[in-house]
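Undergrad:
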Amino acid sequence: MAVKLLISDFDGTLVDTFEANYLAYRQAFSECGINLTKECYRKCFGFRFDRFMNAVGIVDIGLRETICRKKCDCYPEYFEHLRVNEPLLDFLRAFRRSGGLTAIASTAREQNLRNALRHIGAENHFNLILAGENVSKGKPDPEIYLTVLESLGVSPREAVVFEDSDVGFRAAEAAGIEYIKVNSLYFDNGN
3 MAVKLLISDF DGTLVDTFEA NYLAYRQAFS ECGINLTKEC YRKCFGFRFD
53 RFMNAVGIVD IGLRETICRK KCDCYPEYFE HLRVNEPLLD FLRAFRRSGG
103 LTAIASTARE QNLRNALRHI GAENHFNLIL AGENVSKGKP DPEIYLTVLE
153 SLGVSPREAV VFEDSDVGFR AAEAAGIEYI KVNSLYFDNG N
């Protein structure tokens, strides 16, 4: 069966957002009187927000909301640290131009995701963009991938996922979709 749909994760797959996310979270935490180390953040990178807050021991709902708001507000200030996976983005653009469907399926917050996509000039290169708030369960639950398939009317056998994390691989497998593992070498510009 021919591939009709390419689905990409965002953080770590289409764009290396680690440094930009860390710096924005570090600022938000600092403004709340909390120190966030890079090592601590690295252990939690890729978690949905609530899971991240649980992992760092922040249970107060008001403090969580404040951190979330502050992070969203300052995140664009750190977009110069975003590293785009240009080969993958070029491939997705070409696939869509040739009549294929493309989608983003990310656990990122929608506002952050769309701001970053606008910054890299890629917001209009996708038929569908799903963010963490668009589903009730995060990866490794397959809900986000199943939602993409249903929304675009494509079967799992007609899709391919690009992912970088174990939870993403497991979500794709559970949805019955073949996947391609993306790692940091995809971001190497050959220098």
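Numbers in my numbering are just positions in the sequence shown, counted from 1, shifted up by 2. The C-beta atom is built at its ideal place from N, Cα and C for all residues, glycine as well.
Could you name the residues that DSSP lists as bridge partners for D11?
TA: For the purposes of this step, residue 11 is taken as the residue at position 9 of the sequence shown. DSSP output for D11 lists no bridge partner at all.
Undergrad: Within 10 angstroms of the Cβ of P89, are there 16 or more other Cβ atoms? Answer buried if so, exposed if not.
TA: Looking up residue 89 in the sequence shown gives position 87. Burial call: exposed.
Undergrad: Give the straight-line distance between the Cα atoms of L119 and C46, rounded to the nearest whole angstrom.
TA: Taking the first residue of the sequence shown as position 1, residue 119 is located at position 117. Taking the first residue of the sequence shown as position 1, residue 46 is located at position 44. Taking the straight line from one Cα to the other gives about 22 Å.
Undergrad: Unbroken alpha helix (DSSP H) runs of length 4 or more, entirely within the stretch 92–175: which are they?
TA: Whole alpha helix (DSSP H) segments, 4+ residues: 112–121 and 145–154.
Undergrad: Identify which residue in D143, R95 and N23 has its Cα closest to the Cα of A110.
TA: Position 108 of the sequence shown, counted from the first residue, corresponds to residue 110. Ranking the options by Cα distance to A110, first place goes to N23.
Undergrad: When you compare the CB positions of K194 and G170, do they come within less than 8 Å of one another, or not?
TA: No information on residue 194 is available, as it lies outside the stretch 3 to 193 that the chain covers here.
Undergrad: Classify I63 as buried or exposed, calling it buried when 16 or more other Cβ atoms lie within 10 Å of its own Cβ.
TA: Taking the sequence shown and counting its residues from 1, the one referred to as residue 63 is at position 61. It counts as exposed.
Undergrad: Taking the straight line between their C-alpha atoms, what separation do you get for M3 and I179?
TA: By 1-based counting over the sequence shown, the position of residue 3 is 1. By 1-based counting over the sequence shown, the position of residue 179 is 177. In a straight line, the C-alpha of M3 is about 13 Å away from that of I179.
Undergrad: Please confirm if the stretch 54–61 is in contact with the stretch 122–132, defined as three or more CB-CB distances below 8 Å between the two stretches.
TA: They do not touch, by the three-pair rule.
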